[in-house]
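Working notes for the structure below.
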Amino acid sequence: MLRELNSESRQPGAVALELLQPRLLAFEPRERHAFTLLEIMIVVGIMGIVMTMSVPIVWKIWHKEALDKAITDIIEVCSNARARAILQGHEVDLIVHPRDGRFDLSAAPVAVTVASPNPTDNTPPTAFQPGPLSMSGSGLSAQLSDRVTIEDLDINKIPGGFKDAEQARVRFFPNGTADEMSLFLLSDKGKRCEILIEVTTGLANVEWEVRRFR
1 MLRELNSESR
11 QPGAVALELL
21 QPRLLAFEPR
31 ERHAFTLLEI
41 MIVVGIMGIV
51 MTMSVPIVWK
61 IWHKEALDKA
71 ITDIIEVCSN
81 ARARAILQGH
91 EVDLIVHPRD
101 GRFDLSAAPV
111 AVTVASPNPT
121 DNTPPTAFQP
131 GPLSMSGSGL
141 SAQLSDRVTI
151 EDLDINKIPG
161 GFKDAEQARV
171 RFFPNGTADE
181 MSLFLLSDKG
191 KRCEILIEVT
201 TGLANVEWEV
211 RRFR
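Heads up, the sequence shown stops at 214 in the working numbering, and the numbers go up one at a time, no gaps.
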(Lines of atoms letter the chains of each structure in order from A; the text may use other names.)
(Lines give C-alpha, C1' and ligand atoms only; values in the text may rest on other atoms or scores of the structure.)
Protein backbone atom coordinates (compact mmCIF):
# COMPACT_ATOMS: atom_id res chain seq x y z
CA MET A 1 0.00 0.00 0.00
CA LEU A 2 2.85 2.37 0.88
CA ARG A 3 4.68 1.51 -2.33
CA GLU A 4 1.57 2.28 -4.34
CA LEU A 5 1.34 5.72 -2.67
CA ASN A 6 4.98 6.48 -3.38
CA SER A 7 4.58 5.52 -7.01
CA GLU A 8 1.49 7.66 -7.29
CA SER A 9 3.28 10.62 -5.67
CA ARG A 10 6.11 10.42 -8.22
CA GLN A 11 3.86 10.38 -11.23
CA PRO A 12 3.31 14.20 -11.45
CA GLY A 13 7.10 14.83 -11.48
CA ALA A 14 7.67 12.22 -14.12
CA VAL A 15 4.93 13.71 -16.22
CA ALA A 16 6.48 17.18 -15.87
CA LEU A 17 9.88 15.81 -16.93
CA GLU A 18 8.37 14.24 -19.96
CA LEU A 19 6.74 17.52 -20.89
CA LEU A 20 10.02 19.46 -20.51
CA GLN A 21 12.13 16.94 -22.39
CA PRO A 22 11.28 18.27 -25.93
CA ARG A 23 12.21 21.82 -24.84
CA LEU A 24 15.50 20.65 -23.38
CA LEU A 25 16.29 18.85 -26.59
CA ALA A 26 15.65 22.09 -28.52
CA PHE A 27 18.51 23.80 -26.64
CA GLU A 28 20.99 21.06 -27.43
CA PRO A 29 23.78 22.23 -29.83
CA ARG A 30 23.12 21.18 -33.36
CA GLU A 31 25.74 19.79 -35.63
CA ARG A 32 27.37 22.52 -37.80
CA HIS A 33 28.23 21.87 -41.40
CA ALA A 34 31.41 23.40 -42.88
CA PHE A 35 31.62 24.96 -46.34
CA THR A 36 32.38 22.57 -49.11
CA LEU A 37 35.31 23.04 -51.44
CA LEU A 38 32.95 23.85 -54.28
CA GLU A 39 31.30 26.67 -52.34
CA ILE A 40 34.68 28.17 -51.43
CA MET A 41 35.81 28.03 -55.06
CA ILE A 42 32.62 29.80 -56.19
CA VAL A 43 33.12 32.61 -53.66
CA VAL A 44 36.77 33.06 -54.62
CA GLY A 45 35.80 33.13 -58.30
CA ILE A 46 33.19 35.87 -57.70
CA MET A 47 35.71 37.93 -55.72
CA GLY A 48 38.22 37.59 -58.55
CA ILE A 49 35.71 38.82 -61.12
CA VAL A 50 34.75 41.83 -58.97
CA MET A 51 38.39 42.78 -58.40
CA THR A 52 39.18 42.44 -62.09
CA MET A 53 36.31 44.76 -63.02
CA SER A 54 37.32 47.37 -60.41
CA VAL A 55 41.01 47.59 -61.41
CA PRO A 56 40.47 50.00 -64.38
CA ILE A 57 38.29 52.28 -62.25
CA VAL A 58 40.83 52.44 -59.43
CA TRP A 59 43.65 53.01 -61.91
CA LYS A 60 41.82 55.97 -63.47
CA ILE A 61 41.22 57.48 -60.03
CA TRP A 62 44.88 57.31 -59.03
CA HIS A 63 46.32 58.03 -62.48
CA LYS A 64 44.55 61.00 -64.03
CA GLU A 65 45.07 61.83 -67.66
CA ALA A 66 47.93 64.28 -68.07
CA LEU A 67 45.75 67.03 -69.57
CA ASP A 68 43.08 66.70 -66.88
CA LYS A 69 45.69 66.88 -64.13
CA ALA A 70 47.29 69.94 -65.74
CA ILE A 71 43.93 71.73 -65.88
CA THR A 72 43.16 70.90 -62.26
CA ASP A 73 46.57 72.08 -61.04
CA ILE A 74 46.55 75.36 -63.02
CA ILE A 75 43.03 76.28 -61.94
CA GLU A 76 43.94 75.56 -58.32
CA VAL A 77 46.99 77.83 -58.55
CA CYS A 78 44.91 80.63 -60.12
CA SER A 79 42.22 80.26 -57.46
CA ASN A 80 44.78 80.46 -54.68
CA ALA A 81 46.36 83.55 -56.25
CA ARG A 82 42.99 85.31 -56.43
CA ALA A 83 42.05 84.30 -52.88
CA ARG A 84 45.34 85.49 -51.39
CA ALA A 85 45.18 88.80 -53.21
CA ILE A 86 41.68 89.47 -51.87
CA LEU A 87 42.22 88.25 -48.29
CA GLN A 88 45.59 89.85 -47.72
CA GLY A 89 45.00 93.03 -49.74
CA HIS A 90 48.11 92.73 -51.91
CA GLU A 91 48.72 91.98 -55.54
CA VAL A 92 49.73 88.39 -56.22
CA ASP A 93 51.42 87.42 -59.47
CA LEU A 94 51.20 84.14 -61.33
CA ILE A 95 54.61 83.56 -62.90
CA VAL A 96 54.36 81.37 -66.00
CA HIS A 97 57.43 79.67 -67.46
CA PRO A 98 56.22 78.57 -70.91
CA ARG A 99 59.45 76.80 -71.85
CA ASP A 100 59.51 74.69 -68.71
CA GLY A 101 55.74 74.33 -68.32
CA ARG A 102 55.91 75.62 -64.76
CA PHE A 103 53.53 77.91 -62.85
CA ASP A 104 54.48 79.65 -59.60
CA LEU A 105 52.98 82.29 -57.34
CA SER A 106 54.95 85.33 -56.29
CA ALA A 107 54.17 88.23 -54.00
CA ALA A 108 54.24 91.45 -56.01
CA PRO A 109 56.44 94.30 -54.72
CA VAL A 110 54.62 96.84 -52.58
CA ALA A 111 55.28 100.59 -52.93
CA VAL A 112 56.10 102.29 -49.62
CA THR A 113 56.81 105.93 -48.84
CA VAL A 114 60.34 106.79 -47.77
CA ALA A 115 61.20 110.03 -45.98
CA SER A 116 63.15 112.38 -48.21
CA PRO A 117 66.54 113.54 -46.90
CA ASN A 118 65.92 116.98 -48.47
CA PRO A 119 63.49 118.97 -46.27
CA THR A 120 62.62 121.34 -49.15
CA ASP A 121 61.50 118.45 -51.34
CA ASN A 122 57.74 118.01 -50.92
CA THR A 123 57.54 114.97 -53.20
CA PRO A 124 57.93 111.86 -51.05
CA PRO A 125 59.99 109.28 -52.92
CA THR A 126 58.77 105.74 -53.11
CA ALA A 127 60.58 102.48 -52.74
CA PHE A 128 59.51 98.94 -53.43
CA GLN A 129 59.79 96.05 -51.06
CA PRO A 130 58.50 92.48 -51.35
CA GLY A 131 54.93 91.96 -50.28
CA PRO A 132 54.35 90.27 -46.92
CA LEU A 133 52.71 87.23 -48.50
CA SER A 134 53.65 83.70 -47.55
CA MET A 135 54.11 81.60 -50.65
CA SER A 136 54.51 78.31 -48.82
CA GLY A 137 51.91 75.59 -48.98
CA SER A 138 50.23 73.32 -51.46
CA GLY A 139 48.41 74.55 -54.55
CA LEU A 140 50.85 77.42 -55.09
CA SER A 141 52.73 75.88 -57.99
CA ALA A 142 52.10 73.53 -60.90
CA GLN A 143 54.26 71.59 -63.31
CA LEU A 144 53.03 70.32 -66.67
CA SER A 145 53.68 66.74 -67.64
CA ASP A 146 55.91 65.87 -70.58
CA ARG A 147 52.75 64.75 -72.36
CA VAL A 148 51.25 68.27 -72.26
CA THR A 149 52.62 71.27 -74.16
CA ILE A 150 51.71 74.96 -74.27
CA GLU A 151 50.51 75.83 -77.76
CA ASP A 152 50.03 79.51 -77.06
CA LEU A 153 49.84 82.01 -74.21
CA ASP A 154 48.14 85.40 -74.48
CA ILE A 155 48.07 87.98 -71.69
CA ASN A 156 46.00 91.15 -72.05
CA LYS A 157 45.91 90.55 -75.82
CA ILE A 158 49.47 91.80 -76.24
CA PRO A 159 50.61 91.12 -79.84
CA GLY A 160 53.09 88.32 -80.26
CA GLY A 161 52.02 86.33 -77.24
CA PHE A 162 54.25 84.77 -74.62
CA LYS A 163 54.61 81.20 -75.88
CA ASP A 164 58.37 81.50 -76.41
CA ALA A 165 59.04 83.90 -73.52
CA GLU A 166 61.25 82.87 -70.66
CA GLN A 167 58.55 83.91 -68.24
CA ALA A 168 55.25 85.80 -68.20
CA ARG A 169 53.34 87.48 -65.40
CA VAL A 170 49.61 87.41 -64.70
CA ARG A 171 48.51 89.81 -61.96
CA PHE A 172 45.71 89.18 -59.46
CA PHE A 173 44.47 92.29 -57.65
CA PRO A 174 42.87 92.76 -54.20
CA ASN A 175 39.53 93.85 -55.73
CA GLY A 176 39.08 90.41 -57.33
CA THR A 177 40.10 91.38 -60.86
CA ALA A 178 43.06 90.03 -62.80
CA ASP A 179 44.90 90.26 -66.07
CA GLU A 180 43.20 88.58 -68.99
CA MET A 181 44.88 85.31 -69.88
CA SER A 182 44.32 82.68 -72.56
CA LEU A 183 46.37 79.52 -72.18
CA PHE A 184 46.14 76.85 -74.88
CA LEU A 185 47.21 73.31 -73.94
CA LEU A 186 47.74 70.28 -76.17
CA SER A 187 48.12 66.68 -74.96
CA ASP A 188 50.05 63.89 -76.65
CA LYS A 189 46.70 62.33 -77.59
CA GLY A 190 45.68 65.37 -79.62
CA LYS A 191 43.23 66.79 -77.08
CA ARG A 192 43.14 70.58 -76.81
CA CYS A 193 41.73 72.97 -74.27
CA GLU A 194 41.86 76.64 -73.40
CA ILE A 195 42.15 78.01 -69.86
CA LEU A 196 40.74 81.53 -69.59
CA ILE A 197 41.09 84.05 -66.79
CA GLU A 198 38.25 86.57 -66.90
CA VAL A 199 39.26 90.18 -66.27
CA THR A 200 36.39 91.39 -64.07
CA THR A 201 36.12 88.31 -61.84
CA GLY A 202 39.63 86.87 -61.94
CA LEU A 203 38.17 83.39 -62.23
CA ALA A 204 39.65 80.64 -64.40
CA ASN A 205 37.44 78.68 -66.80
CA VAL A 206 38.08 75.86 -69.24
CA GLU A 207 36.85 75.59 -72.83
CA TRP A 208 37.23 72.40 -74.82
CA GLU A 209 35.97 73.68 -78.17
CA VAL A 210 39.13 75.50 -79.17
CA ARG A 211 38.48 77.06 -82.59
CA ARG A 212 41.75 78.90 -82.82
CA PHE A 213 43.75 75.88 -83.96
CA ARG A 214 41.13 74.29 -86.23
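We put the CB at the ideal spot given by N, CA and C, even for glycine. All values derive from a computational prediction rather than experimental measurement.
Short of 6 Å in beta carbon distance, which residues of its chain neighbour residue i, apart from the five on each side in sequence? Order them along the chain.
i   : result
R82 : F172 and G202
Which same chain residues end up closer than 7 Å to residue i when comparing Cβ atoms and leaving out the 5 residues on each side of it in sequence?
i    : result
T177 : V199, T200 and G202
Quick check on residue i: does DSSP put it in helix, strand or coil?
i    : result
Q167 : coil
G202 : coil
E194 : strand
E151 : strand
A85  : helix
E76  : helix
I57  : helix
L95  : The sequence as given places Ile at residue 95; Leu does not occur at that position. Note: I95 maps to strand in three-state DSSP.
A70  : helix
L140 : coil
E209 : coil
Residue i: buried (16+ other C-beta within 10 angstroms of its C-beta) or exposed?
i    : result
V170 : buried
A34  : exposed
V148 : buried
V43  : exposed
Judging by CA-CA distance, which residue of the options is the nearest neighbour of residue i?
i    : options                  : result
S106 : D100, R99, P98 and A85   : A85
D154 : E209, L140 and E194      : E194
D179 : G160, V206, V96 and N156 : N156
H90  : M47, D152 and P174       : P174
I74  : L185, V55 and E39        : L185
N80  : W208, V92 and I57        : V92
How close, in whole Å, do the beta carbons of residue i and residue j come, if the pair is a contact with beta carbons under 8 Å?
i    : j    : result
S187 : L67  : 4 Å
G101 : L140 : No, G101 and L140 are not in contact; Cβ-Cβ is about 16 Å, not under 8 Å.
P98  : A142 : Actually they do not touch by this definition, with Cβ atoms about 13 Å apart.
C78  : A204 : 4 Å
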